[in-house]
Amino acid sequence: MTIQRTFSILKPDATRRNLTGEINAVIEKANLKIIAQKRLHLSRGQAEAFYGVHKERSFFGDLCDFMTSGPVVVQVLEGENVIAAYRDVMGATNPENADAGTIRKEFAESIEANSVHGSDSLENAAIEIAYFFSGIEIVG
Ligand code: CMP
0 MTIQRTFSIL
10 KPDATRRNLT
20 GEINAVIEKA
30 NLKIIAQKRL
40 HLSRGQAEAF
50 YGVHKERSFF
60 GDLCDFMTSG
70 PVVVQVLEGE
80 NVIAAYRDVM
90 GATNPENADA
100 GTIRKEFAES
110 IEANSVHGSD
120 SLENAAIEIA
130 YFFSGIEIVG
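In terms of numbering that gives the first Met the number 0, the sequence shown has 135 at position 136, counting the first letter as 1, and numbering is strictly consecutive.
Spelled out as structure tokens, the structure:
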């Protein structure tokens, strides 16, 4: 049994449609624990730094526009193998390819407005969590 932590964002398309509670219910029903959470409106600089790994991609500018278009909810999730578990709960990046019952199949509007982000590795989870949260804000 490996208890891990991952970083999650409920994106502006989700907060715009008041879906924070519904998405959190899916997360909690999947046995993932929300051990830190706050609502923020990202600045352009914060979005560009967070998604820096994608800066050469054609969609980078649009992605940063979208991520600064409204509030986000940033979270730390904890659970057994939570990196992979949350990626299963989220579904495929493109909601057209996501399985039934996943957050993106149920809620996402498009590949860009896809409702949620989750870390893709333990290493990135640690970096992403540290970008948004201090130790005393995380209560496991
Ligand atoms: P996320 O997990 O937040 O990481 C990068 C994001 O880029 C991804 O989810 C998508 O929402 C967004 N994105 C926008 N366009 C594309 C694309 N063509 N391919 C992959 N990701 C895209």
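Heads up, the beta-carbon is just placed ideally off N, CA and C, and yes, glycines get one too.
Residue i versus residue j: straight-line alpha-carbon distance, rounded
i, j, result
"Lys104", "Gly134", "33 Å"
"Thr19", "Gln74", "11 Å"
"Arg38", "Met0", "31 Å"
"Pro70", "Glu122", "26 Å"
"Ile22", "Asp87", "14 Å"
"Phe106", "Arg15", "12 Å"
"Phe114", "Thr5", "It should be pointed out that residue 114 corresponds to Ser in this sequence rather than to Phe. Approximately 16 Å between the Cα atoms of the pair."
"Leu41", "Gly139", "25 Å"
Any non-hydrogen atom of ligand 1 within 7 Å of residue i CB
i, result
"Leu62", "yes"
"Phe106", "no"
"Tyr50", "yes"
"Asn113", "yes"
Given residue i as reference, the closest of the options once Cα atoms are compared
i, options, result
"Ile126", "Phe49, Ile34 and Lys28", "Phe49"
Residues of its chain near residue i, where Cβ-Cβ distance is below 7 Å and the 5 sequence neighbours each way are ignored
i, result
"Phe148", "What the structure shows of the chain is the stretch from 0 to 139, and residue 148 is not part of that stretch, so it cannot be assessed."
is_contact[residue i, chain C] using C-beta, thresh 8 Å
i, result
"Val72", "The displayed structure is made up of one protein chain only, and chain C is not part of it."
Cβ neighbours of residue i in the same chain (closer than 8 Å, five flanking residues each side left out)
i, result
"Ile2", "Glu77, Gly78, Glu79 and Val81"
Item to check | Validate contact between the region 61-77 and the region 5-14 using beta carbons, cut 8 Å, 3 pairs | outcome: Taking 8 Å as the limit for Cβ pairs, the verdict is that the region 5-14 does touch the region 61-77.
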